[in-house]
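Taking it in order: structure first as structure tokens, then the write-up.
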Amino acid sequence: MESRSAGLTLRGLLRVAKRSAKAALRPLSSRPTTRAKLVRDLRHLGVRPGALLLVHSSLSALGFVPGGPRTVIRALLEALGPEGTLVIPTHSWEEMAAGCRTFDVRRTGVCVGTIPDYFRSYPGVIRSLHPTHSVAALGPLAQWLTADHESSATPCGAGSPYAKLLDRDGQILFLGATLRSNTAYYTVEALGGAPHLMSGTPDRFTVIAEGGTRRELLIDRHRAGIPRRFEELEGWMTERGILRAGQVGPARSLLIAGTPFRDALTEAVRNDPTFLLVRSQEVPAR
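Structure (structure tokens):
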């Protein structure tokens, strides 16, 4: 247990050091990407005021942002306006895959970037209680969106924040990120009944809520090691009017319309459960 914890700590320290080094170099390599510039570009890309918006992000792709992740978060909130709800994945699957079985919503870190790790502690944010695929949300729909995530049969399927967002015609923004980051692909695999998605063997997790309440839960995790062709589908979605590409600051960014995405991809997965898999990949027998 001690060696595993040390390994997790070392990985976390290396990740922080890498992020710090990148941040130190950004002012030397690019013009500032300001909050005002971010807001203008987000609106031009199609982010709707009042929207329910899920954001996958890469801070490094935005170049030098004075104020760092705080500026990006404030720009996203300004683009959405007071009626909008901002949602950011705060996944911790890397730590859980390494053997950790305790998820503390207040303390468990994030393995998907600087902006998500900053946002989980932003004032007013609510974080869902799923040990591998939690989200953090801020806005009028945050409480509804994050509620009972830990009780979902799959991390991203029916009843999860991802499925709720797609039901409500939310938008999915890839802010300097690529479709490789698209967690909602797992949502359509779950809704479409893809047999390769889940491990089929739930693990016992301790989940600690904001007030310190502890619960023991059985949670099934995604099956690891199955290559997907997520990035290959950009053209497929663009042709169907689901996806729009543009620039936000120096970063190529993508915006997906949630409900059309859900409908088209779920149908594709139901017709062919291997639709999202690398074509040479055989589906393991259950």
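In my numbering, the protein residues as written are 2 to 287. From the three backbone atoms N, C-alpha and C, an ideal C-beta is built for every residue, glycine too. Owing to the predicted nature of the structure, the values given are computational and were not obtained by experimental measurement.
Determine, using beta carbons only, whether Ala252 and Ala62 come nearer to each other than 8 Å.
Start at 1 with the first residue of the sequence shown, and residue 252 comes out as number 251. Start at 1 with the first residue of the sequence shown, and residue 62 comes out as number 61. The answer is yes: Cβ separation under 8 Å.
Could you check where the alpha helix (DSSP H) with Asp168 kicks off and where it finishes?
Along the sequence shown, read from residue 1 onward, the residue named residue 168 stands at position 167. Unbroken alpha helix (DSSP H) run through Asp168: 162-168.
Please list, in chain order, all residues of the same chain as Glu217 whose beta carbon is under 7 Å from its beta carbon, the five residues on each side excluded.
Translated into positions along the sequence shown, residue 217 becomes position 216. For Glu217, where only same-chain residues beyond five positions count, the Cβ hits under 7 Å are Arg205, Thr207.
In the DSSP assignment, the beta strand (DSSP E) including Ile89 goes from what residue to what residue?
Here residue 89 refers to the residue found at position 88 of the sequence shown. Counting along the chain, the beta strand (DSSP E) containing Ile89 begins and ends at 86-90.
Residue from Ser59, Thr202, Gly250 with nearest C-alpha to Thr34
What you label residue 34 is simply residue 33 of the sequence shown in a count that begins at 1. Closest by alpha carbon: Gly250.
Which whole-angstrom value is the C-beta distance of Thr275 and Gly193, which I expect to be below 8 Å?
Walking along the sequence shown from the start, residue 275 turns up at place 274. Walking along the sequence shown from the start, residue 193 turns up at place 192. Contact flag wrong, Cβ pair sits at about 11 Å.
Rounded to whole angstroms, what is the Cα-Cα separation between Val279 and Leu234?
Counting from one through the sequence shown, the residue named residue 279 turns up at place 278. Counting from one through the sequence shown, the residue named residue 234 turns up at place 233. So the alpha carbons of these two residues sit roughly 11 Å apart.
State yes or no: is the C-beta of Pro117 within less than 8 Å of the C-beta of Thr91?
Here residue 117 is taken as the residue at index 116 of the sequence shown, counted from 1. Here residue 91 is taken as the residue at index 90 of the sequence shown, counted from 1. A contact, by the Cβ cut-off of 8 Å.
Quick check: the region 67-78 against the region 95-108, are there 3 or more CB pairs under 8 Å?
no
Check whether the Cβ atoms of Ser93 and Thr115 lie closer than 8 Å to each other.
If you number the sequence shown from 1, residue 93 lands on position 92. If you number the sequence shown from 1, residue 115 lands on position 114. Contact flag unset, no.
Buried or exposed, going by whether 16 or more other CB atoms sit within 10 Å of the CB of Asn272?
Walking along the sequence shown from the start, residue 272 turns up at place 271. Asn272 is exposed by the Cβ-count criterion.
Beta-bridge pairing of Met199 - partner residues as DSSP gives them
Here residue 199 is taken as the residue at index 198 of the sequence shown, counted from 1. Paired residues: His223.
Taking all protein chains shown into account, decide if Leu219 is buried (16 or more other Cβ within 10 angstroms of its Cβ) or exposed.
On the sequence shown, position 218 is the one that residue 219 refers to. When all chains shown are included, Leu219 counts as exposed.
Taking Asp204 as part of the beta strand (DSSP E), name the residues at either end of that continuous run.
For the purposes of this step, residue 204 is taken as the residue at position 203 of the sequence shown. That run of the beta strand (DSSP E) goes 204-209.
Own chain partners of Leu139 with C-beta closer than 6 Å, once the 5 adjacent residues on each side are dropped
Position 138 of the sequence shown, counted from the start, is the residue given in the question as residue 139. Leu87, Gly125, Val126.
Pull up the distance between the alpha-carbon of Glu211 and that of Val136, whole angstroms please.
If you number the sequence shown from 1, residue 211 lands on position 210. If you number the sequence shown from 1, residue 136 lands on position 135. Rounded to the nearest angstrom, the two C-alpha atoms are 14 Å apart.
Could you tell me whether the Cβ atoms of Arg174 and Ser254 are closer together than 8 Å?
Taking the first residue of the sequence shown as 1, we reach residue 174 at position 173. Taking the first residue of the sequence shown as 1, we reach residue 254 at position 253. The amino acid at residue 174 is misidentified as Arg; the sequence shows Leu. Yes, they are a contact pair.
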